[in-house]
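Chemist:
Numbering (the working numbering), first residue to last: 91 to 584.
Set out below in structure tokens:
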């Protein structure tokens, strides 16, 4: 004897709860195959009474044939008493008849109750043999207003995350490429070519050079030209962080790792550089302990935070820079030889500005444009002084000198009088003089000296005492040099 097709209307008419666990569309072929209906209904009622969602099932007339305990508690009624009642007795302007008529579900919709706050629900048609035989009403969120507030906060957080992500992308993106490094000298061009070849690999790169030569620009350029250009570029100045904090800054720490540690822990700079490039400026300032930990991370590609017990896989490329003599530090026991050899396989040394005088002109032009004074120009004497100066602060010092000159110059020309005294005085013995041949060295020195004396006298309105003080020579020596170069006509009584 075959089982009859299931019909929720029959359940409502007989006052029985709905056996919703029956497989949709399948009718047992024989009585032997059919399960014990009473046991099945009892089991499914127990399951549905213990789920988080409230569930109501209605027949084609939108009368309740099943209500689980969760929904009954929300409505303040008893499940057995609710069976057979129209859905409108509990809900305001119920849309279950619309779902019943259309056969289409309505998901994530607001639902108004007569005795409770509005909720967020799903309205799902129950289908059998191709026709709609009932409707399921399921709660998703019990307090619609709380859900709306939560969604608003989520949207706000999404906008904030997007804003900060864009800012972080700007911060962690490379600022310079090899093309943006200004200079046409042979020495600088060769260094850029070598660094560009290193950039194509994934090995650590060591950048050497004096202060102000542009080591960080080269680090950015290496990252920008590498396969990791799409990843973060994380810059850490090891000299700017106290040694006692540098280890936690680099490697991060877990909650409670040490006294004063944040309860949330901290993500280290190495972890932030995952799938990108970590730039360690002034790597010579690392303690031996930090050097050993850094070497281990480089070799194992695993990072362990301070206070942590579970290492994490990490993938980054290291670019390091220093103005110190790491070989001398090795011999003095201040720098690990194994870390040095790991870094120095691919190293470049940026030449100081004094060795590439031909770059001063392009650099001046570049800085004048960046300082929004592109129409300013150098007088021949000022250009000569800049080219002859030793530039101990390199490119950075040149920019500072130009900023000072621009603040003093009233016209469109930067003259010798707008340059700092040390540039005027020391330019005689600096710069390209050392590169000149013996045949014209004396003539060049005399020409430079005469020009600087004349410009300094003009700057001080012929005052010999002030001029001698600026140039660092005695008045008698100044008088002698002025006679030699026929400059005494500029003298004023002092």
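By construction, the Cβ of each residue, glycine as well, lies at the ideal position given by its N, Cα and C atoms.
DSSP on residue 187, reduced to helix/strand/coil?
Modeler: Of the three classes helix, strand and coil, the one that applies to residue 187 here is helix, per DSSP.
Chemist: Check the C-beta distance from residue 442 over to residue 274 and give it rounded, since I have them as a contact under 8 Å.
Modeler: Wrong, their Cβ atoms sit about 16 Å apart, outside the cutoff.
Chemist: Out of 315, 230, 572 and 150, which has the shortest C-alpha to C-alpha gap to residue 192?
Modeler: Ranking 315, 230, 572 and 150 by Cα distance to residue 192 puts 150 first.
Chemist: Among 373, 558, 440 and 425, which residue has its Cα nearest to the Cα of residue 408?
Modeler: Ranking the options by Cα distance to residue 408, first place goes to 373.
Chemist: Tell me whether residue 215 is buried or exposed, calling it buried when 16 or more other Cβ atoms sit within 10 Å of its Cβ.
Modeler: Result: buried.
Chemist: Tell me the residue span of the beta strand (DSSP E) that contains residue 226.
Modeler: Per DSSP, residue 226 belongs to the beta strand (DSSP E) from 221–231.
Chemist: By the DSSP assignment, the alpha helix (DSSP H) with residue 597 in it spans what residues?
Modeler: Only positions 91 to 584 of the chain appear in the structure, and residue 597 is not among them; the question remains open.
Chemist: Mark residue 430 as exposed unless 16 or more other C-beta atoms lie within 10 angstroms of its C-beta, in which case mark it buried.
Modeler: Buried is the call here.
Chemist: What residue does the alpha helix (DSSP H) around residue 182 start on, and which one ends it?
Modeler: From DSSP, residue 182 is part of no alpha helix (DSSP H); its letter is neither H nor E.
Chemist: Classify residue 478 as buried or exposed, calling it buried when 16 or more other Cβ atoms lie within 10 Å of its own Cβ.
Modeler: The residue is buried, with at least 16 neighbouring Cβ atoms inside 10 Å.
Chemist: Buried or exposed: which applies to residue 502, given that a residue is buried once 16 or more other Cβ atoms fall within 10 Å of its Cβ?
Modeler: The residue is exposed, with fewer than 16 neighbouring Cβ atoms inside 10 Å.
Chemist: Quick one: grab the DSSP three-state call for residue 176.
Modeler: Correct three-state label for residue 176: strand.
Chemist: Taking only runs of the alpha helix (DSSP H) that begin and end inside the segment 432–477, which ones reach a length of at least 4 residues, in chain order?
Modeler: As far as the segment 432–477 is concerned, its whole alpha helix (DSSP H) runs of at least 4 residues are 450–460.
Chemist: Who pairs with residue 320 in a beta bridge, going by DSSP?
Modeler: Partner(s): none; residue 320 has no beta bridge.
Chemist: Report the partner residues of residue 410 according to the DSSP bridge assignment.
Modeler: In the DSSP output, where bridge partners are listed per residue, residue 410 has 296 and 370.
Chemist: Would you tell me roughly how many angstroms separate the C-alpha atoms of residue 225 and residue 148, rounded to the nearest one?
Modeler: C-alpha separation (whole angstroms): 5 Å.
Chemist: What does DSSP give as the partner residues of residue 341 in its beta bridges?
Modeler: Residue 341 pairs with nothing; no bridge assigned.
Chemist: Let me know the secondary structure DSSP gives residue 308 once reduced to three states.
Modeler: Reduced to three states, the DSSP call for residue 308 is helix.
Chemist: Using a 10 Å radius around the Cβ and a threshold of 16 neighbouring Cβ atoms, would you call residue 337 buried or exposed?
Modeler: Counting Cβ neighbours within 10 Å, residue 337 comes out buried, since at least 16 surround it.
Chemist: My guess is that residue 498 and residue 471 are in contact by the Cβ rule of under 8 Å, so how many angstroms apart are they, rounded?
Modeler: No, residue 498 and residue 471 are not in contact; Cβ-Cβ is about 15 Å, not under 8 Å.
Chemist: Quick check: the segment 307–327 against the segment 353–370, are at least 3 beta-carbon pairs closer than 8 Å?
Modeler: As far as the Cβ criterion goes, the segment 353–370 touches the segment 307–327, which means the pair count is three or higher.
Chemist: Can you find at least 3 beta carbon pairs, one from the segment 299–313 and one from the segment 481–489, that sit closer than 8 Å?
Modeler: Because the criterion of three Cβ pairs below 8 Å is met, the segment 299–313 and the segment 481–489 touch.
Chemist: Put residue 526 into one of helix, strand or coil per three-state DSSP.
Modeler: Note that residue 526 scores 48 on pLDDT, short of 50, meaning its location in the model is unreliable and no value can be drawn from it.
Chemist: Would the beta-carbon of residue 438 fall within 8 Å of that of residue 284?
Modeler: Yes, Cβ-Cβ distance for residue 438 and residue 284 is below 8 Å.
Chemist: Note the first and the last residue of the continuous beta strand (DSSP E) segment covering residue 422.
Modeler: Premise fails: residue 422 is in no beta strand (DSSP E) and is neither H nor E.
Chemist: Would you call the segment 167–181 and the segment 237–245 touching, i.e. three or more CB-CB distances under 8 Å?
Modeler: With a cut-off of 8 Å, the segment 237–245 and the segment 167–181 do not count as touching, because too few Cβ pairs lie within range.
Chemist: In its own chain, which residues sit with a C-beta less than 8 Å from the C-beta of residue 405, not counting the 5 before and 5 after it?
Modeler: If we look at residue 405 and ignore the five residues flanking it on each side, its Cβ neighbours are 364, 365 and 391.
Chemist: What three-state label does DSSP hand residue 375 in the structure shown?
Modeler: The answer is helix: DSSP assigns residue 375 an H, G or I state.
Chemist: Along the alpha helix (DSSP H) that carries residue 212, what are the first and last residues, could you check?
Modeler: Segment 209–218 is the beta strand (DSSP E) holding residue 212; no alpha helix (DSSP H) there.
Chemist: Go to residue 197, then tell me how far its beta strand (DSSP E) extends in each direction, as first and last residue.
Modeler: Counting along the chain, the beta strand (DSSP E) containing residue 197 begins and ends at 196–201.
Chemist: Can you name the residues that DSSP bridges to residue 386?
Modeler: Per DSSP, none; premise fails for residue 386.
Chemist: To the nearest angstrom, how far is the alpha carbon of residue 252 from that of residue 550?
Modeler: Answer to the nearest angstrom: the Cα atoms are 58 Å apart.
Chemist: If we ignore side chains and look at the alpha-carbon of each, how far apart do residue 223 and residue 321 end up?
Modeler: Distance between the alpha carbons of residue 223 and residue 321 is about 56 Å.
Chemist: Among 563, 190, 230 and 153, which has the Cα closest to the Cα of residue 142?
Modeler: The shortest Cα separation from residue 142 among 563, 190, 230 and 153 belongs to 230.
Chemist: Classify residue 183: buried if its beta carbon has 16 or more other beta carbons within 10 angstroms, exposed otherwise.
Modeler: Burial call: exposed.
Chemist: If distances are taken between C-alpha atoms only, which option among 174, 417, 289 and 545 comes closest to residue 367?
Modeler: Closest option to residue 367, Cα to Cα, is 289.
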